[in-house]
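*Asks:* Questions regarding the structure given below will be posed in turn.
There are 2 protein chains.
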Amino acid sequence: MARIKILSNSNRKEIILKNAAALFRKRGYKAASVRELAERLDIEAPSLYNHFRSKAELLKKICFSTMVDFTGHIDMVVASKESNVKKTEALIRFHIQKMYNDFDFVYVANHEWKHLPKEDLELFLSQRKEYERRMIEIIIEGINKKEFRKSHPQITVLTILSAVRGLEFWQRHKKELSITELEDHMVHHLINGIIQ
Amino acid sequence: MARIKILSNSNRKEIILKNAAALFRKRGYKAASVRELAERLDIEAPSLYNHFRSKAELLKKICFSTMVDFTGHIDMVVASKESNVKKTEALIRFHIQKMYNDFDFVYVANHEWKHLPKEDLELFLSQRKEYERRMIEIIIEGINKKEFRKSHPQITVLTILSAVRGLEFWQRHKKELSITELEDHMVHHLINGIIQ
DNA sequence: CCTACCGATCGGTAGG
DNA sequence: CCTACCGATCGGTAGG
Numbered sequence: 001m002a003r004i005k006i007l008s009n010s011n012r013k014e015i016i017l018k019n020a021a022a023l024f025r026k027r028g029y030k031a032a033s034v035r036e037l038a039e040r041l042d043i044e045a046p047s048l049y050n051h052f053r054s055k056a057e058l059l060k061k062i063c064f065s066t067m068v069d070f071t072g073h074i075d076m077v078v079a080s081k082e083s084n085v086k087k088t089e090a091l092i093r094f095h096i097q098k099m100y101n102d103f104d105f106v107y108v109a110n111h112e113w114k115h116l117p118k119e120d121l122e123l124f125l126s127q128r129k130e131y132e133r134r135m136i137e138i139i140i141e142g143i144n145k146k147e148f149r150k151s152h153p154q155i156t157v158l159t160i161l162s163a164v165r166g167l168e169f170w171q172r173h174k175k176e177l178s179i180t181e182l183e184d185h186m187v188h189h190l191i192n193g194i195i196q
Numbered sequence: 197m198a199r200i201k202i203l204s205n206s207n208r209k210e211i212i213l214k215n216a217a218a219l220f221r222k223r224g225y226k227a228a229s230v231r232e233l234a235e236r237l238d239i240e241a242p243s244l245y246n247h248f249r250s251k252a253e254l255l256k257k258i259c260f261s262t263m264v265d266f267t268g269h270i271d272m273v274v275a276s277k278e279s280n281v282k283k284t285e286a287l288i289r290f291h292i293q294k295m296y297n298d299f300d301f302v303y304v305a306n307h308e309w310k311h312l313p314k315e316d317l318e319l320f321l322s323q324r325k326e327y328e329r330r331m332i333e334i335i336i337e338g339i340n341k342k343e344f345r346k347s348h349p350q351i352t353v354l355t356i357l358s359a360v361r362g363l364e365f366w367q368r369h370k371k372e373l374s375i376t377e378l379e380d381h382m383v384h385h386l387i388n389g390i391i392q
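These protein sequence lines map, in sequence, to chains D and A. With my numbering as the guide, the letters of the first sequence map in order to residues 1 to 196. With my numbering as the guide, the letters of the second sequence map in order to residues 197 to 392.
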């Protein structure tokens with residue numbers, strides 16, 4: 001009985017979080033109101049506070065749960081024995097897939113992090129920086145091993161991350177473009193641009 | 197006398213607009229308050245309304261003045277007799293330069309357009325779509341003339357536009373990276389990825 | 001999960 | 001360009 005209650009509570013939390021992500025994406029964190037979120041869930045605004053301490057906590061959960069997914073993935077990639085080309089490709093593909101599967105979360109993490117409370121904001125940015133640093137490492141190693149032609153690794157990573165991030169616009173083309181089509185073309189463009 | 201007054205008024209307007217762009221970029225349109233903007237300008241909030249009808253009008257001016265610059269540039273590029281490779285390169289370089297010279301305006305146009313009043317929003321999106329369409333045309337022609345290898349032109353343009361847009365992050369690296377260095381590396385990466 | 005409600009802040013106006 | 005001020009809306013609390 002207690003077990004069931006816990007499960008249903010955490011389900012409820014997840015539902016709220018998903019709705020918050022969708023709303024924050026559509027309207028922006030500041031423009032989205034707690035009342036609007038409550039309306040989506042068919043409850044009154046104050047009822048939300050039984051599940052979350054504040055509006056900011058919702059944003060925090062959205063941003064950091066997304067960050068954890070990316071961090072966890074790059075852990076795996078770095079630990080793998082693949083070539084640096086393959087590693088880079090794996091990172092690109094993961095970004096594209098995340099954008100496809102968890103669009104609202106990724107979008108909010110990308111766009112609304114600036115509204116995080118100060119300490120969370122600093123933690124978030126340092127984790128993002130660390131992710132970037134590890135990706136740069138892969139490019140550098142790839143250059144040293146002659147897998148990639150010589151380039152400015154920092155700019156290369158910036159270019160790749162920006163390109164995949166831009167997939168948020170592709171929502172508009174969703175019907176016309178399949179995910180695999182998109183993945184393959186983008187991977188080719190970005191990898192072709194840097195290999196020997 | 198009247199002439200001087202007009203000049204000084206339009207200067208004043210420009211100063212307000214630049215400050216608005218800087219503020220909207222830093223805090224986001226919704227989070228930025230009219231009072232905050234007034235404070236930057238060392239006047240009281242209601243005084244702003246002698247220059248602008250509403251907060252939304254400021255956003256509108258920022259978004260559309262930026263859009264006009266890009267539209268004007270692609271007009272020139274399309275009219276030129278250069279190869280499609282050169283045309284694509286020119287577009288990429290212009291994006292990078294705009295990001296460098298008018299960062300606040302470009303950033304706000306990229307991020308805050310969703311807060312435009314409905315009709316302005318629709319006009320803005322249709323102009324952006326048109327810009328994209330013309331860029332796709334250049335890629336298609338380049339493929340037909342065997343300047344570019346075969347690819348999905350829509351994804352190619354999406355990749356390029358996303359990559360240059362991502363330069364907003366590079367603000368963090370401004371000291372380490374020169375504009376020309378950045379331009380050349382990014383142009384190489386993106387063009388190398390698609391040429392024959 | 002709801003009703004009732006609060007202080008703070010918002011964009012904007014009137015009138016000078 | 002300012003003072004004085006307004007209605008609307010915000011995130012959040014008390015108490016059940």
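Quick reminder that beta carbons are idealized off the backbone N, C-alpha and C, glycines included. Since this is a predicted model, take the numbers as computed values, not measurements.
#1: Can you tell me the Cα-Cα spacing of D/D42 and D/Y107, whole angstroms?
#2: Could you tell me the boundaries of the alpha helix (DSSP H) in which A/P349 lies?
#3: Exposed or buried, which one is D/I160 when buried takes at least 16 other CB atoms within 10 Å?
#4: Counting only runs of 3+ residues fully inside the segment 77-147 of chain D, write out the beta strand (DSSP E) ranges in chain order.
#5: Between which two residues does the alpha helix (DSSP H) containing A/H247 stretch?
#6: Does D/I191 come out as helix, strand or coil in the three-state DSSP assignment?
#7: State the DSSP-derived secondary structure class of D/S65, mapped to helix, strand or coil.
#8: I need the straight-line Cα distance from A/I375 to A/N306, nearest angstrom please.
#9: Specify whether the segment 224-242 of chain A and the segment 176-196 of chain D touch according to this definition: at least 3 beta carbon pairs, one from each stretch, less than 8 Å apart.
#10: If you follow the alpha helix (DSSP H) that D/A38 is in, where does it begin and where does it stop?
#11: Below 7 Å, is the gap between the Cβ of A/I335 and the nearest heavy atom of the ligand PLP?
#12: Would you verify that the beta carbon of A/H381 is, or is not, closer than 8 Å to some beta carbon of chain D?
#13: Less than 8 Å separating the beta-carbons of D/V187 and D/H95?
#14: Can you list the residues of chain D that A/N306 reaches, using a CB-CB cut of under 7 Å?
#15: CB D/N9 to CB D/R40, shorter than 8 Å?
#16: For D/V85, which residues of its own chain have a beta-carbon under 6 Å away from its beta-carbon, when the five flanking residues on both sides are left out?
#17: Residues of the segment 27-41 of chain D in Cβ contact with chain A at a cutoff of 7 Å, in chain order, please.
#18: Grouping DSSP H, G and I as helix and E and B as strand, with all else coil, what is A/A241?
#19: Can a CB atom of chain A be found closer than 8 Å to the CB of D/G193?
#20: Can you find a CB in chain D that lies within less than 8 Å of the CB of A/S374?
#21: Answer with yes or no whether the minimum CB distance from A/K346 to chain D is below 8 Å.
#22: Just to check my reading of the structure: A/G362 and D/L158 have Cβ atoms closer than 8 Å, yes? What is that Cβ distance to the nearest angstrom?
#23: Using the Cα positions of D/E89 and D/E181, report the straight-line distance between them to the nearest angstrom.
#24: By how many angstroms is the C-alpha of A/L255 removed from the C-alpha of A/M263?
#25: Could you tell me which chain A residues have their CB closer than 8 Å to the CB of D/S162, listed as they occur along the chain?
#26: Have a look at D/I140 and D/I155 and give me their C-alpha separation to the nearest angstrom.
#27: If distances are taken between C-alpha atoms only, which option among D/C63, D/L123, D/H51, D/I143 comes closest to D/A22?
#28: When you check each C-beta in the segment 124-149 of chain D against every C-beta of chain A, which residues fall closer than 7 Å?
#29: Going straight from the alpha carbon of A/K277 to that of A/K341, what length do you get?
#30: CA-CA distance, A/D244 and D/D75?
#31: Roughly how many whole angstroms lie between the Cα atoms of D/R282 and A/I334?
#32: Using only the alpha-carbon positions, how far apart do A/K222 and D/F52 sit?
#33: Decide if A/R324 is buried, meaning its Cβ has at least 16 other Cβ atoms within 10 Å, or exposed.
#34: So is A/V274 buried or exposed if we call it buried at 16+ other beta carbons inside 10 Å?
*Replies:* In short, the structure shows the following:
#1: CA-to-CA, the gap between D/D42 and D/Y107 works out to about 25 Å.
#2: 349-361
#3: buried
#4: none
#5: Segment: none, A/H247 is in no alpha helix (DSSP H) and carries neither H nor E.
#6: helix
#7: helix
#8: 20 Å
#9: no
#10: In the DSSP assignment, D/A38 falls within the alpha helix (DSSP H) that extends over 34-40.
#11: Questions concerning the ligand PLP fall outside what the structure shown contains, since it holds no ligand whatsoever.
#12: Yes, A/H381 lies at the interface with chain D (some Cβ there is under 8 Å from its Cβ).
#13: Contact annotation: D/V187 and D/H95 have beta-carbon atoms that are not nearer than 8 Å.
#14: Residues of chain D passing the Cβ test: none, with the nearest at roughly 10 Å.
#15: Taking a C-beta distance under 8 Å as the contact criterion, D/N9 and D/R40 do not qualify as a contact pair.
#16: Once the five neighbours on either side are set aside, the close Cβ partners of D/V85 are E147.
#17: G28, K30, A31
#18: helix
#19: yes
#20: Nearest CB-CB separation between A/S374 and chain D: not below the 8 Å threshold.
#21: At a cut-off of 8 Å between C-beta atoms, A/K346 does not count as an interface residue with respect to chain D.
#22: 6 Å
#23: 15 Å
#24: 12 Å
#25: S358, A359, V360, R361, G362, L363, F365
#26: 12 Å
#27: Cα-wise, what sits closest to D/A22 is D/C63.
#28: none
#29: 14 Å
#30: Asp is not the amino acid found at residue 244 of chain A; the sequence shown has Leu there. Their backbone Cα atoms lie some 51 Å apart in a straight line.
#31: The structure shown does not extend to residue 282 of chain D, since chain D is modelled only from 1 to 196, so the question has no answer here.
#32: 27 Å
#33: buried
#34: exposed
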